[in-house]
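Which chain is which? The protein sequence lines are A and B, in order.
Residue numbering for the first sequence follows this note's numbering, beginning at 1 and increasing consecutively.
Residue numbering for the second sequence follows this note's numbering, beginning at 1001 and increasing consecutively.
By construction, the Cβ of each residue, glycine as well, lies at the ideal position given by its N, Cα and C atoms.
Here the structure comes first, spelled out in structure tokens, and everything after it is commentary.
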Amino acid sequence: MPTVESFLPLKTNWFHILLSLAAGEQHGYGIMQEVSERTRGKLRLWPATLYGTIKRLIEAGLIEETDERPAAELDDARRRYYRLTRLGKRVLDAETERLEELVRMVQSRRALEPAR
Amino acid sequence: MNFAIRLYRALARAFPHEFQMAYGADVIQLGEDVVQQIAKENGFLGLFRLIADLAIRIPMEYLAEMRQDLLYALRTLRKARGFAAVGFLSLALGIGVSAVSVSEVVNMILGNAPGIRDAGRVVMVNDVSIPYIDRYREQHDLFAGVAAFQVAIPYNISLGGGLNAKAERLFGQIVSPEYFSVLGVSAARGRVFAPDTDKPGAAPVVVISDRFWREHMNADPAAVGQTMRVNGQTATIVGIGPKDFLGALPFIPTDIFVPTTAPESIAPELAGDAVHRRDSKTFNALLRLAPGVTVESAEAGLDTVTRRLDEETLDPARNAKGRRVTVLPGGKVVPVPRSLRPVVLGFMLLLNSLMLSLVCLNLANMQLARATARRKEVAIRLSVGASRFRLVRQLLTESVLLSVAGGAAGIALAFWAAAAMQKVRMPFPYPVRFNITPDWRAILVVFAISLVAGVGFGLAPALAATKADLAVAMKEGLVGQPRGYRRFGLRNLLMVSQVAGSGAPADRRLPGNRIP
């Protein structure tokens, strides 16, 4: 069983997919749209890259396919849905903490610098 | 845009089977869903990125599968240690021995003798007398220089010049004063022989090899000018040859060079006025071709001159039919006539190919036996959706892995064997030096053969194993024969070839195995 730390630092694509699934199950198209909106178009997960990454995330045990579907009016019957596993949640939390720590370090350093 | 969608669909179908089964439809659907939006937002560049994304991911997925195959192959080979060990060892031995023997032949026949300038322009003629050689020297339009020499001459050598010094038997050459200039060799220290300085009746002199100077004189800087006893007579060392130079035909390494002007007491081979007698055909002529002269024209010219001389001297050979003179390469390690080179090389290649094919047959047979034993595993994997192509590739990965590992070990073995064989003493009356540094070209060819054989001989068993009837195989498990086998099947054929091939090299009736 791989440890949470062995996944850190997370690759950008991995982080964004996990983040998109943090709120609940989602399909590939939904993940793609959400990442694009969240990054204001700066990061686009192209289809082959998206499914290649999903495949690796499933193999790593961070996400899984789910049979649970959202409410009928939101469900797209053609698509497969994915959700975070317990390990996936822990990895996402650990990565978020790591990034927060980095930001804190940068901010405290800036506070020490004399004003120009 | 229609073209972009069609191209996208076609490319998406090129994903590896397993990826396609799991995500192929999703990738196509997502592409179709977003293509309009991408075209609107990013135009042509966006469509290009969409296609490029596929084009990059497809090889990456194949690489990922290959990595999986490799890891799986490593695990299975680790489990089947006996199989892996036998396969690995037979390949390593086959490749190692072939690489050494092919390297040896390539080095000896094609390799230039060390230290000789422009060695390809030096030729030699065996069994001639010095008067003939003197006449050859007059053919200035054909030759830039001509010398006489005798090889493998034993000398009793003692250093220090004293009568009581311990004598050692060493081998050298008797050479005419032109010898070094014909070879384009100059002394590392002192001087070499030259027609102007070395004349009959002068005080006895010798030139020694760099090897002799280092091994017997501890590389003494004052060696030139010292005396040594050669066959009991005192001779002065006038020069030391350059590093690595062991004379013409260095498969019989030369440590001492004695000039043809030396007295008989030093060189008994010169007794009876051998230098002037036309019937004393104990010398070899060493000839450097004049610029622009081909070996063929030199041979034709020498033939004419020799026939004329035979007529003049009423030599019995004058009545012989056919060519009188055969020109041999003089700058090579071993002087194999050019016409014989393809035969010698071909024979060695054939012999080694036979040995390698035995190794491959052995491997194929082992793999076939193993594939039969693995039918259940194969059947289960096929039934859970693995493609036959993928399984064949998986089995092939194992044989290629074995080939590469065996090949690498074989190359290591080749270097070790080459070093070990340098020390072996051959049953000749004079020391013979085999120049068997493994030749990288030979190694490359042998390695490529083993790799191709690994694929080729891995393929048939892999195809046979994956052809099994699923239901039957899973019920029978390890028992029974896969469909497609007859009583005289592939395995029997391999076995028969292997036994026949093993017997052939030992068959005394075959040419090349005759013992005189």
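Put simply, the CB of M1021 (chain B) is far from chain A, with every gap to its CB atoms at 9 Å or more. Within chain A, the residues A48, T49, G52 have their CB atoms less than 7 Å from the CB of R1057 (chain B), given in chain order. Listed by position along chain B, the residues whose Cβ is nearer than 9 Å to that of K42 (chain A) form an empty set, because the closest Cβ is around 13 Å away.
For K55 (chain A), the nearest CB of chain B lies under 9 Å from its own CB, placing it at the interface with that chain.
The three-state reading of DSSP puts Y51 (chain A) in helix, counting H, G and I together.
Its Cα nearest to that of L1302 (chain B), the residue B:V1146 stands out among B:V1146, B:L1054, B:I1058, B:A1113.
For M1228 (chain B), there is no enclosing alpha helix (DSSP H); the enclosing beta strand (DSSP E) has its first and last residue at 1227-1230. Residue environment: W14 (chain A) is assigned as buried (16 or more neighbouring CB atoms within 10 Å of its CB, all protein chains considered).
Within 7 Å of the CB of G28 (chain A), the CB atoms of chain B belong to D1026, L1030, in sequence order along the chain. Distance from the CA atom of Y81 (chain A) to the CA atom of R1393 (chain B), rounded to whole angstroms, is 32 Å. Those residues of the region 60-93 of chain A placed with their C-beta closer than 9 Å to a C-beta in chain B are R78, R79, R80, ordered along the chain. Put simply, the backbone Cα of I1240 (chain B) is about 19 Å away from that of N1156 (chain B). If you keep only unbroken beta strand (DSSP E) runs of at least 3 residues inside the region 1090-1124 of chain B, you get nothing at all. Excluding its 5 nearest sequence neighbours in each direction, R1191 (chain B) has C-beta neighbours in its own chain below 6 Å: V1238, G1239, listed in chain order. Counting along the chain, N1002 (chain B) sits inside the alpha helix (DSSP H) bounded by residues 1002-1012.
By the Cβ test, the region 1331-1346 of chain B is not in contact with the region 1072-1091 of chain B, since fewer than three Cβ pairs between them sit closer than 8 Å. When the Cα atoms are used, A111 (chain A) and R98 (chain A) turn out to be separated by approximately 20 Å. Proximity of A1012 (chain B) to chain A, defined by a Cβ-Cβ separation below 9 Å, is satisfied. Proximity of L1054 (chain B) to chain A, defined by a Cβ-Cβ separation below 9 Å, is satisfied. Between the alpha carbons of S1357 (chain B) and R1375 (chain B) lies a gap of roughly 26 Å. For M1060 (chain B), the residues of chain A that pass the 8 Å Cβ criterion are G52, in the order they occur in the chain.
Assigned with DSSP and collapsed to three states, I1133 (chain B) falls in helix. For F1415 (chain B), there is no enclosing beta strand (DSSP E); the enclosing alpha helix (DSSP H) has its first and last residue at 1388-1422. Annotated three-state conformation of I1240 (chain B) is strand, per DSSP.
In the three-state reduction of the DSSP assignment, V1175 (chain B) falls in the strand class, which pools E and B. In the three-state scheme derived from DSSP, where H, G and I count as helix and E and B as strand, R1189 (chain B) is classed as strand.
With respect to chain B, the C-beta atom of M105 (chain A) has no partner C-beta closer than 9 Å.
Using a Cβ-Cβ cut-off of 9 Å, R1049 (chain B) counts as an interface residue toward chain A, since at least one Cβ of chain A sits closer than that to its own.
Cβ neighbours of N1112 (chain B) within its own chain (closer than 6 Å, five residues either side excluded): A1119, G1331. Contact annotation: V1175 (chain B) and V1105 (chain B) have beta-carbon atoms that are not nearer than 9 Å.
Secondary structure of N1218 (chain B) (DSSP, three-state): coil.
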